[in-house]
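Here's the structure we're looking at; comments come further down.
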Amino acid sequence: MRSLTLPLLIAAHLGLVTPAPAQDIGDIVEGLAQGLIQQELDRNAYIAAQNANTAAAYRDYLAKFPKGQFRTNAQNALARLGAPVEGTPASEAQAEQRLGITTAQRVAVQRELTRLGYNTFGADGAWGRNTRTAIATWQRDRGEKATGYVTEAQLRALTRSVVVTPPAE
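Mapping of the sequence shown onto this note's numbering: residues 394 to 562, in sequence order.
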């Protein structure tokens, strides 16, 4: 009896409250269902963008699901299509596009960036997320605006040691 009395007195003194009732199981199920539905909508929207494979489709996906599960994939697809990635003014991407950079120049830029310590994770001429990040970091380190898109002067700086020879006829 004595061993039970002390804990009861302590509990009464501390003013213990009864535990809050558990959340209604219906609310839990509803929350889970809504989460699953949202994931499925996200997935279907990305698949639709993949099937269309256009910059507009990927931008539409990013507008509907700015923090979506496939956000990085959509941004990579935009970069692969040569479209400006979120946060980059179209004029910078368009200015780079007007330079008419050849595949040989793109490979040379990737090699030079890697040689300088800005890893592009491959010199294949395709400027995806890794190359854009390397360009932006290189720009920032030079005290320039870090856009991930090269200007004409930056292209010259990164390719000045490269000699491009035309193919034999």
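Ideal Cβ placement from N, Cα and C applies to all residues, glycine included.
| Item | Value |
| --- | --- |
| Taking just the CA atoms, how far does G419 sit from A413? | The predicted model places A413 with a pLDDT of 46, which falls under 50 and marks its position as unreliable, so this point remains unresolved. |
| Jot down the residue ranges of each uninterrupted alpha helix (DSSP H) in the stretch 449-534, minimum 4 residues, whole runs only, in chain order. | 464-473, 483-491, 496-508 and 522-534 |
| In terms of residues, what are the limits of the alpha helix (DSSP H) holding T447? | Taken as a continuous stretch (DSSP letters only), T447 belongs to no alpha helix (DSSP H), as it is neither H nor E. |
| Count the other CB atoms within 10 Å of the CB of E545; is the residue buried (16 or more) or exposed (fewer)? | exposed |
| Taking the beta carbon of L425 as the centre, do at least 16 other beta carbons fall within 10 Å, making it buried, or is it exposed? | exposed |
| Considering only residues of the same chain and omitting the five flanking positions on each side of Q462, which have a CB-CB separation below 8 Å? | Q432, D435, R436 and Y439 |
| Taking 7 Å as the cut-off, is the CB of E545 close to at least one heavy atom of the ligand NAP? | The model on display carries no ligand, and the ligand NAP is accordingly not part of it. |
| Looking only at C-alpha atoms, which of T552, A488, G536 and Y454 sits nearest to T507? | T552 |
| So the candidates are N523, N446, A472 and A442; which of them puts its Cα closest to the Cα of F458? | A442 |
| Measuring CA to CA, which of A529, T496 and Q498 is closest to G510? | A529 |
| Please classify V543: does DSSP put it in a helix, a strand, or coil? | coil |
| Our contact map puts R522 next to A472 with C-beta atoms below 8 Å; I'd like the distance itself, whole angstroms only. | 6 Å |
| To the nearest angstrom, report how far apart L474 and D417 are at their CA atoms. | 48 Å |
| From this set, W520, E537 and Q490, which residue's C-alpha is nearest Q468's C-alpha? | W520 |
| Just verifying my parser: in three-state terms, what is the DSSP assignment at R436? | helix |
| Tell me the DSSP secondary structure of D420 in three-state form. | helix |
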